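Be aware that the sequence shown starts at 1, since it is given in full-length UniProt numbering, and climbs by one per residue. Glycine included, every Cβ here is placed at the ideal spot set by N, Cα and C. Keep in mind that this is a model prediction, so the values were computed, not measured. Below: the structure, in structure tokens.
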Amino acid sequence: MASAKEILQMDLYALLGVEGTATEKEIKKAYRQKALTCHPDKNPDNPKAAELFHQLSQALEVLTDAAARAAYDKVRAAKKQAEERTRRLDDKRKKIKLDLEARERQAEAEVQKAEEFKISRTLEEEITRLREEGSRQLQEEQRLIREQIQREREGRLHIHSDTSEQGNRNTTPKLKLKWKCKKDDDTNGGYSEEFLQRLLQKYGDVLNVVMSSKKKGSAVVEFATVRAAELACKNESGLTGNPLKIVWLEGRPESVAATAPNHTSFTPSQNSLSSERDYESLVLMRMRQAAERQRLIEQMQKEDEEEAAKT
Numbered sequence: 001m002a003s004a005k006e007i008l009q010m011d012l013y014a015l016l017g018v019e020g021t022a023t024e025k026e027i028k029k030a031y032r033q034k035a036l037t038c039h040p041d042k043n044p045d046n047p048k049a050a051e052l053f054h055q056l057s058q059a060l061e062v063l064t065d066a067a068a069r070a071a072y073d074k075v076r077a078a079k080k081q082a083e084e085r086t087r088r089l090d091d092k093r094k095k096i097k098l099d100l101e102a103r104e105r106q107a108e109a110e111v112q113k114a115e116e117f118k119i120s121r122t123l124e125e126e127i128t129r130l131r132e133e134g135s136r137q138l139q140e141e142q143r144l145i146r147e148q149i150q151r152e153r154e155g156r157l158h159i160h161s162d163t164s165e166q167g168n169r170n171t172t173p174k175l176k177l178k179w180k181c182k183k184d185d186d187t188n189g190g191y192s193e194e195f196l197q198r199l200l201q202k203y204g205d206v207l208n209v210v211m212s213s214k215k216k217g218s219a220v221v222e223f224a225t226v227r228a229a230e231l232a233c234k235n236e237s238g239l240t241g242n243p244l245k246i247v248w249l250e251g252r253p254e255s256v257a258a259t260a261p262n263h264t265s266f267t268p269s270q271n272s273l274s275s276e277r278d279y280e281s282l283v284l285m286r287m288r289q290a291a292e293r294q295r296l297i298e299q300m301q302k303e304d305e306e307e308a309a310k311t
């Protein structure tokens, strides 16, 4: 995260190509379109692309956080007002203005200093908070970008794979998690959807976490890659006092050796996707995730009902 002074040197709205009155939805859309064209993975030989991507990420962090945006807008508005006033003054009025400011500067110095400190401190505090807490919206948008790039890679690998390999990639890997939990335990044994998301995302992108609505102590987790699911299944044990039991539900690879390569090189022709197609891909991906999440919920409900009938 850049400092407040560095951010104030940039016009965040102009950087994203939106108006100062743009809605959060418009800001996110503009970020996606620009970020896709300058993502470092798509421009490995262009050092300026990484710098621009970083600046776009900073702009999104500030402008999608209400408090940070309000602080930035206040400072930006004050700068624009000062520039507009100075621009309208002719030479004579400029001289009068400078003379008046010189006479008043000493008296107003402390007041101005306190006000400037307050405004700058507010922005710095918001930026510090964003750095410490992390911007969830930025993480979400960057996750979508990574998933789209991953789909492009898989699409190229898809051409060179046989029918069985195609079937494996079309099924996203899913793990079933179980842990001990009493029926009257409001903490669900110490596990929640948000906790499991944080716990497992260190192995790779987590697409969905679905908690059982009828039976406590059970959840299904959908990963973006087989590798991430394998690492989680082999290494994660959960809470020390209430360990997890993890088994494969879907998408388990027949052989670890058959896993597709993780790295693929990009060429200019591979990067020539239009903005409309990029946005359409994101929409389709979100629709697929929503449908998959609903399917997982229905599957878990069915399993819970079957287990309840057996007992």
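Just the C-alpha distance for residue i and residue j, rounded to the nearest angstrom, thanks.
{"i": "LYS43", "j": "GLN58", "result": "The residue you asked about is not Lys; residue 43 is Asn in the sequence shown. Between ASN43 and GLN58, the C-alpha separation is close to 19 Å."}
{"i": "ILE145", "j": "GLU298", "result": "29 Å"}
{"i": "LYS180", "j": "SER218", "result": "9 Å"}
{"i": "ALA258", "j": "ALA49", "result": "With a pLDDT of 44 at ALA258, under the threshold of 50, the modelled position of that residue is not reliable, and no figure is offered here."}
{"i": "GLU116", "j": "GLU125", "result": "14 Å"}
{"i": "ILE27", "j": "CYS38", "result": "17 Å"}
{"i": "LEU207", "j": "VAL247", "result": "17 Å"}
{"i": "LYS178", "j": "GLY155", "result": "34 Å"}
{"i": "ARG198", "j": "SER192", "result": "10 Å"}
{"i": "THR128", "j": "GLU306", "result": "50 Å"}
{"i": "LEU15", "j": "LEU56", "result": "7 Å"}
{"i": "LYS202", "j": "ALA224", "result": "12 Å"}
{"i": "GLU108", "j": "GLN150", "result": "57 Å"}
{"i": "GLU24", "j": "GLN106", "result": "42 Å"}
{"i": "ARG295", "j": "GLU84", "result": "57 Å"}
{"i": "LYS216", "j": "GLU303", "result": "13 Å"}
{"i": "SER212", "j": "THR122", "result": "42 Å"}
{"i": "PHE195", "j": "ASP184", "result": "20 Å"}
{"i": "GLU147", "j": "ALA22", "result": "26 Å"}
{"i": "ARG136", "j": "ASP186", "result": "26 Å"}
{"i": "GLU101", "j": "LYS95", "result": "10 Å"}
{"i": "ASP90", "j": "LYS113", "result": "28 Å"}
{"i": "PRO40", "j": "HIS54", "result": "10 Å"}
{"i": "ASN188", "j": "CYS233", "result": "21 Å"}
For residue i, does the count of other Cβ atoms within 10 angstroms reach 16, so buried, or fall short, so exposed?
{"i": "ASP65", "result": "buried"}
{"i": "ALA309", "result": "exposed"}
{"i": "PRO173", "result": "buried"}
{"i": "VAL111", "result": "exposed"}
{"i": "LYS5", "result": "exposed"}
{"i": "THR86", "result": "exposed"}
{"i": "ASN235", "result": "exposed"}
{"i": "ARG32", "result": "buried"}
{"i": "LYS74", "result": "exposed"}
{"i": "LEU130", "result": "buried"}
{"i": "GLU132", "result": "exposed"}
{"i": "MET300", "result": "buried"}
{"i": "GLU140", "result": "exposed"}
{"i": "LEU249", "result": "buried"}
{"i": "LYS214", "result": "exposed"}
Return the chain-ordered list of same chain residues with a C-beta closer than 7 Å to the C-beta of residue i, the five sequence neighbours on each side being excluded.
{"i": "VAL62", "result": "ILE7, LEU12, ALA68, ARG69, TYR72"}
{"i": "GLY190", "result": "LEU239, ASN242"}
{"i": "GLN9", "result": "none"}
{"i": "GLU19", "result": "TYR13"}
{"i": "LYS97", "result": "LEU89"}
Quick one: residues in its chain with C-beta nearer than 6 Å to the C-beta of residue i, no 5 flanking neighbours on either side, listed in chain order?
{"i": "GLU222", "result": "THR172, LYS174, LEU207, ASN208"}
{"i": "LEU52", "result": "CYS38"}
{"i": "GLU104", "result": "none"}
Could you check whether the Cβ of residue i sits closer than 7 Å to any heavy atom belonging to the ligand HEM?
{"i": "ALA102", "result": "Only the bare structure without any ligand can be found here, which leaves the ligand HEM out of the picture."}
If residue i and residue j are in contact, beta carbons under 8 Å, what's the gap, nearest whole angstrom?
{"i": "residue 361", "j": "ALA35", "result": "In this structure the chain extends from 1 to 311, so residue 361 is not present and cannot be described."}
{"i": "LEU244", "j": "SER237", "result": "6 Å"}
{"i": "LYS182", "j": "VAL220", "result": "Incorrect: roughly 21 Å between the Cβ atoms, too far for contact."}
{"i": "residue 323", "j": "ARG143", "result": "Look at the range of the chain in this structure, 1 to 311, and you will see that residue 323 is not part of it."}
{"i": "LEU60", "j": "LEU138", "result": "5 Å"}
{"i": "GLY251", "j": "ALA229", "result": "7 Å"}
{"i": "ARG293", "j": "VAL210", "result": "6 Å"}
Here's a check: name, in chain order, each residue in its chain whose Cβ is nearer than 8 Å to the Cβ of residue i, leaving out the five neighbours to either side.
{"i": "ILE119", "result": "ALA71, LYS74, VAL75, ALA78"}
{"i": "ARG93", "result": "none"}
**Message:** Could you check whether the segment 70 to 86 touches the segment 38 to 54, counting it as contact only if at least three pairs of C-beta atoms, one from each stretch, sit closer than 8 Å?
**Reply:** Result no; under three Cβ-Cβ pairs closer than 8 Å.
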